[in-house]
């Protein structure tokens, strides 16, 4: 059981950081929300990968199976996914309003407009 | 998935970005299946690849589908922040149990009871459902309210008829003159 | 998309099955993967598909805004109500054991009702969110403030 | 039977009341409903606090499942105290909201507004009451999502960008928090805070646990608006509707500070590696910088709402400073300031809400001469301002007194000196406003202003009066705070 060892975590961290980078480095409001999604999906992966048991199956009880993967991370992530989609939809709604109010969804252009109201 | 994530970061056409995000979610769902999280995979496929993508497309239709190349000012700062965060994360994983290790603390402490007892305590074969709705049912209640907030929040932010601030009498008058159709629109669609 | 005949026909053919599948996922969540949340999303997806092809106004005839709003409220109150029922029947909040004579039966009823609450809330929330987005024109004038 | 279920009733009462707002829909009836609910919450939380002071920690198992398998509510002195703060502010803000909401929010949206206010209050109380780390995240999101919506109700279009920015930063904070929880979970297999507090010390050397602490601190630091993670706060407070600003300023950051206390003291309290890793020193450094930068920026603001927002950044610095001392007196000082700041900042923002209601602006030059036009309102501002500075006989003095004592106790007299100096900076920004409202002749905007209506004035004076009352008779708050701090530090230190 040497492979994948800790490699799974590191790959996921790589994904997470790409998502995080998109959120903070990009000025486009939609792109930021996309980045947030990528970031969150990777965090979900981090949880799920913790719950995996070698040789286990999905945690649905059946006869003849003794090893199950851990159901708790699954439950937590189900909740987190729902929270994620709620955040996304609110964020997108705000983006639409911002576009109507400013005519732009680029962060630096918004800043310019706000400086001379 | 890494390729797609990088592509999402690089591409400026938001339409392509949204499509790639959908694919990213689907791949995530596939990864969940590999790691035995079938319920999560189901949800991710329905939400991440379905609803989120549809909403983002809707937003694109209402705004614009081209990202303007941003001035390169915050790239270095962002890279520093991301590198530090990533380094702390990797530092944290060094003492984590290896992938699939059945002796990991995660599987020892509370999970045992869920798998061992939920069949008799709750009586459902799907342990995820048992934990979701019964053992940790309160979290799920919170989650339902989160969705509720999202729905009425979107209604509040984007609801169709938005009239300027007016005196109350005017609004009362308006209400009196409004046709049923208008009222319905104002409240929902 | 009023003129795309293939889309119209195929979707009319598909939508009943989507809704049926949603109901299956809803009630079968105890045994296989699935449950209220997934069912709600799929159920909403049926309506959203309909809305994309036939227009939001058509969907709003089938399921008016008032109805989704009431269902939204009904769903969350159903969930919280099951919890309150637990208190009234002598248990703690969200304790399903007391809902029936036997604990496992109580658990079964509780989970069924709770999942139904989730399903209703999620379906009506998703329909509301989608219709609110889609019901808005691209250049709606911003409110004057 | 009711007494036994008190902890959950505290939460589900406003939680279930919120969807009912969608059925009622009539602006006035919804308001009456919201006021009734928030007034009911207050006695519940007070009785919980009294019960905890009498009989010790209350445990309530949700769904009848024992922790750590199920979720439990675990209420000790600190939780109960925070619950009282939130429900008290809610009970004062709701009656206040009616007039200012009528003016600032379209009538067709008012019912959503109150629904969101109730949910936001529920979320904050849910964070305070829960004994489960993941459940805390769920309620954190309930309060955050509803506050994004509440902020976006603001009349200025900048409210939209403020809400958006808060949404992005808040979500990053929440995601960092779940990464931290995930690491703790990976190391221990538990999500229950009480359970974690016994398991974590055993594995203090684990790098996973150390990284968890870092992520939890940064994630909650974003919610606390701890310098330099405070970027979202000034705009959010400035452009949100008045009632929302009052509510958020008085409660949201306080509850986040509470969560930070929970994490650093309850979960990681007895962990030794904190002495190796200079986490507390770092926290103290940031707190000190926050105190100075916040105050310094506040001095230059012409929008008074924004000025008070930056002043909040500085005041949050005081709270975190108290925490970083790691002594009973220091933590107690932090908790006292938590309560005191909620009252005075709430009162001050209420004054600005009243000004907004009368003259439609909170810019410094528009407020000239208001001292004569709205004497009672402006007297409240002076009261709150004195408290902000920390003049004797106000609550501000009490918290600073304990903070300085705690610093001297450790022999850190430079820190004590810095506290005094930063208070002097508060004198400057408060005086600027006082000078303009009393010494300058009324400008165009304030020409026709009259005294604020009673429904705004009474809640304002309730908070300012409380700030004076607890400044003169501080025994209650100090007793509670010291008891809470002792419980947190386990009497070991």
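Residue numbers (the numbering used here), protein chains in the order written: chain A, 9 to 125; chain B, 142 to 330; chain C, 1326 to 1470; chain D, 546 to 1038. C-beta atoms are modelled at their ideal positions from N, C-alpha and C, and glycine is treated no differently. Every value quoted in this text rests on a predicted model; they were computed, and no experiment measured them.
**Message:** Given this structure, state the Cα-to-Cα distance separating residue 835 of chain D from residue 867 of chain D, to the nearest angstrom.
**Reply:** Locating residue 835 of chain D in the fourth chain gives position 290, where the first residue counts as 1. Locating residue 867 of chain D in the fourth chain gives position 322, where the first residue counts as 1. Cα to Cα, residue 835 of chain D sits roughly 13 Å from residue 867 of chain D.
**Where residue 1387 of chain C meets chain B, residues with beta-carbon distance less than 9 Å** = On the third chain, position 62 is the one that residue 1387 of chain C refers to. Result: empty, since nearest Cβ-Cβ is about 12 Å, beyond 9 Å.
**Asked** Got a sec: is the Cβ-Cβ distance from residue 1333 of chain C to anything in chain A below 8 Å?
**Response** For the purposes of this step, residue 1333 of chain C is identified with residue 8 of the third chain, where counting begins at 1. No - not a single Cβ of chain A is within 8 Å of the one on residue 1333 of chain C.
**Request:** Starting from residue 604 of chain D, follow its DSSP beta bridges and name the residues at the other end.
**Result:** The count along the fourth chain starts at 1 and reaches residue 604 of chain D at position 59. In DSSP, residue 604 of chain D forms a bridge with D:619.
**Request:** Determine the extent of the alpha helix (DSSP H) in which residue 768 of chain D is found, giving its start and end residues.
**Result:** Taking the first residue of the fourth chain as position 1, residue 768 of chain D is located at position 223. Annotation: the continuous alpha helix (DSSP H) that includes residue 768 of chain D extends over 752-769.
**residue 31 of chain A: contacting residues in chain D (beta-carbon distance under 8 Å)** = For the purposes of this step, residue 31 of chain A is taken as the residue at position 23 of the first chain. 713, 717, listed in chain order.
**Request:** Please specify which runs of the alpha helix (DSSP H), each continuous and at least 4 residues long, are wholly inside the region 1367-1438 of chain C, giving them in chain order.
**Result:** As far as the region 1367-1438 of chain C is concerned, its whole alpha helix (DSSP H) runs of at least 4 residues are 1381-1387, 1390-1413.
**Request:** Give a yes or no on whether the C-beta atoms belonging to residue 861 of chain D and residue 897 of chain D are separated by under 8 Å.
**Result:** Sequence index remark: in the fourth chain, residue 861 of chain D carries index 316 (1-based). Sequence index remark: in the fourth chain, residue 897 of chain D carries index 352 (1-based). Against a cut-off of 8 Å, the Cβ pair of residue 897 of chain D and residue 861 of chain D comes out as no contact.
**Message:** Using a Cβ-Cβ distance cut-off of 8 Å, determine whether residue 305 of chain B contacts chain A.
**Reply:** For the purposes of this step, residue 305 of chain B is taken as the residue at position 164 of the second chain. Its pLDDT being 41, under 50, residue 305 of chain B is placed unreliably by the model, and nothing is read from it.
**Asked** Who are the near neighbours of residue 206 of chain B in its chain, counting only those whose CB is closer than 7 Å to its CB and skipping five residues on each side?
**Response** Start at 1 with the first residue of the second chain, and residue 206 of chain B comes out as number 65. The residues are 154, 155, 156.
**Prompt:** So which residues on chain C does residue 68 of chain A lean against when the C-beta distance must stay under 9 Å?
**Reply:** Looking up residue 68 of chain A in the first chain gives position 60. Within chain C, the residues near residue 68 of chain A are 1356, 1357, 1358.
**Request:** Check the Cβ-Cβ distances between residue 901 of chain D and every residue of chain C, and say whether any is below 8 Å.
**Result:** The sequence position of residue 901 of chain D within the fourth chain is 356, counting from 1. Chain C contact via Cβ: absent.
**Request:** State the Cα-Cα distance for the pair residue 805 of chain D and residue 965 of chain D, rounded to the nearest angstrom.
**Result:** Position 260 of the fourth chain, counted from the start, is the residue given in the question as residue 805 of chain D. Position 420 of the fourth chain, counted from the start, is the residue given in the question as residue 965 of chain D. Approximately 25 Å, taken between the alpha carbons.
**Own chain residues within Cβ distance below 6 Å of residue 627 of chain D, not counting five before or after** = In the fourth chain, the residue the question calls residue 627 of chain D occupies position 82. So the list reads 673, 803, once near-sequence residues are dropped.
**Asked** Along chain D, which residues have their Cβ under 7 Å away from the Cβ of residue 1438 of chain C?
**Response** As a first step, residue 1438 of chain C must be located in the third chain, where it is residue number 113. For residue 1438 of chain C, there are no C-beta contacts with chain D under 7 Å, since the nearest C-beta of that chain is about 14 Å from it.
**Request:** Could you confirm whether any beta carbon from chain A is found closer than 8 Å to the beta carbon of residue 606 of chain D?
**Result:** Translated into the one-based positions of the fourth chain, residue 606 of chain D becomes position 61. Answer no: the Cβ-Cβ gap between residue 606 of chain D and chain A never drops below 8 Å.
**Asked** Counting Cβ pairs, one atom from each stretch, are 3 or more of them under 8 Å apart for the region 632-651 of chain D and the region 782-799 of chain D?
**Response** Cβ pair count under 8 Å is three or more, so yes.
**Message:** Please list, in chain order, the residues of the region 228-245 of chain B that have any C-beta partner in chain C closer than 9 Å.
**Reply:** Residues passing the 9 Å Cβ filter: none.
**Message:** To the nearest angstrom, how far is the alpha carbon of residue 856 of chain D from that of residue 933 of chain D?
**Reply:** Translated into the one-based positions of the fourth chain, residue 856 of chain D becomes position 311. Translated into the one-based positions of the fourth chain, residue 933 of chain D becomes position 388. Whole-angstrom Cα-Cα distance: 9 Å.
**Prompt:** Where residue 242 of chain B and residue 728 of chain D are concerned, what is the direct C-alpha to C-alpha distance, given to the nearest angstrom?
**Reply:** One-based indexing of the second chain puts residue 242 of chain B at position 101. One-based indexing of the fourth chain puts residue 728 of chain D at position 183. The straight-line gap separating the alpha-carbon atoms of residue 242 of chain B and residue 728 of chain D is approximately 16 Å.
**Message:** What does DSSP give as the partner residue(s) for residue 677 of chain D in the beta ladder?
**Reply:** Translated into positions along the fourth chain, residue 677 of chain D becomes position 132. Residue pairing by DSSP places residue 677 of chain D opposite D:737 in a beta bridge.
**Request:** Select from the region 266-287 of chain B all residues with a C-beta closer than 9 Å to any C-beta belonging to chain C, and list them in chain order.
**Result:** Look at the region 266-287 of chain B: the residues with a C-beta under 9 Å from a C-beta of chain C are 266, 267, 269, 270, 271, 273, 274, 275, 278, 279, 281, 282, 284, 285, 286.
**Item:** Where residue 1022 of chain D falls: helix, strand or coil (DSSP)
**Value:** Your numbering for residue 1022 of chain D matches position 477 in the fourth chain. Three-state DSSP puts residue 1022 of chain D in a helix.
**Request:** Using a cut-off of 8 Å between C-beta atoms, extract the partners of residue 694 of chain D located in chain A.
**Result:** In the fourth chain, the residue the question calls residue 694 of chain D occupies position 149. Under the 8 Å cutoff, chain A gives 98.
**Message:** Quick check on the DSSP output: the alpha helix (DSSP H) that includes residue 261 of chain B runs from which residue to which?
**Reply:** Mapped onto the second chain, residue 261 of chain B falls at position 120. First-last of the alpha helix (DSSP H) with residue 261 of chain B: 252-262.
**Asked** CB residue 854 of chain D to CB residue 919 of chain D, shorter than 8 Å?
**Response** Position 309 of the fourth chain, counting from 1, holds the residue named residue 854 of chain D. Position 374 of the fourth chain, counting from 1, holds the residue named residue 919 of chain D. It is not a contact, given that the beta carbons lie outside the stated cut-off.
**Item:** Residue-chain proximity (residue 1449 of chain C, chain D), Cβ-Cβ < 8 Å
**Value:** For the purposes of this step, residue 1449 of chain C is taken as residue 124 along the third chain, with counting starting at 1. For residue 1449 of chain C, the answer is no, since every Cβ of chain D falls outside 8 Å of its Cβ.
**Request:** For chain A, find out if any of its Cβ atoms is closer than 8 Å to the Cβ of residue 1379 of chain C; answer yes or no.
**Result:** In the third chain, the residue the question calls residue 1379 of chain C occupies position 54. No, residue 1379 of chain C does not count as interfacial toward chain A.
**Request:** Spell out the partners DSSP gives residue 68 of chain A in its beta bridges.
**Result:** One-based indexing of the first chain puts residue 68 of chain A at position 60. Bridge partners of residue 68 of chain A: B:267.
**Message:** Would residue 269 of chain B and residue 31 of chain A be called neighbours here (beta carbons separated by less than 8 Å)?
**Reply:** Start at 1 with the first residue of the second chain, and residue 269 of chain B comes out as number 128. Start at 1 with the first residue of the first chain, and residue 31 of chain A comes out as number 23. The beta carbons of residue 269 of chain B and residue 31 of chain A sit no closer together than 8 Å.
**Asked** Going by the CB atoms, is the gap between residue 238 of chain B and residue 69 of chain A shorter than 8 Å?
**Response** In the first chain, the residue the question calls residue 69 of chain A occupies position 61. In the second chain, the residue the question calls residue 238 of chain B occupies position 97. Taking 8 Å as the Cβ cut-off, residue 69 of chain A and residue 238 of chain B do not qualify as a contacting pair.
**Prompt:** How is residue 116 of chain A classed by DSSP in three states: helix, strand or coil?
**Reply:** As a working mapping, residue 116 of chain A is identified with position 108 in the first chain. The answer is helix: DSSP assigns residue 116 of chain A an H, G or I state.
**Message:** What are the residues in the region 676-691 of chain D lying within 7 Å of chain B by C-beta distance?
**Reply:** The region 676-691 of chain D vs chain B, Cβ under 7 Å: 679, 680, 683, 684, 686, 687, 690, 691.
**Request:** Check distances from the C-beta atoms of the region 551-566 of chain D to those of chain B and list, in chain order, the residues that come in under 7 Å.
**Result:** Cβ contacts with chain B come from 560, 564.
**Prompt:** If we count the other Cβ atoms within 10 Å of its Cβ and call it buried at 16 or more, is residue 106 of chain A buried or exposed?
**Reply:** For this step, residue 106 of chain A is matched to residue 98 along the first chain. Buried is the label assigned to residue 106 of chain A, since at least 16 other Cβ atoms lie within 10 Å of its Cβ.
**Message:** If distances are taken between C-alpha atoms only, which option among A:103, A:109, A:101, A:86 comes closest to residue 280 of chain B?
**Reply:** What you label residue 280 of chain B is simply residue 139 of the second chain in a count that begins at 1. Nearest of A:103, A:109, A:101, A:86 to residue 280 of chain B, Cα basis: A:86.
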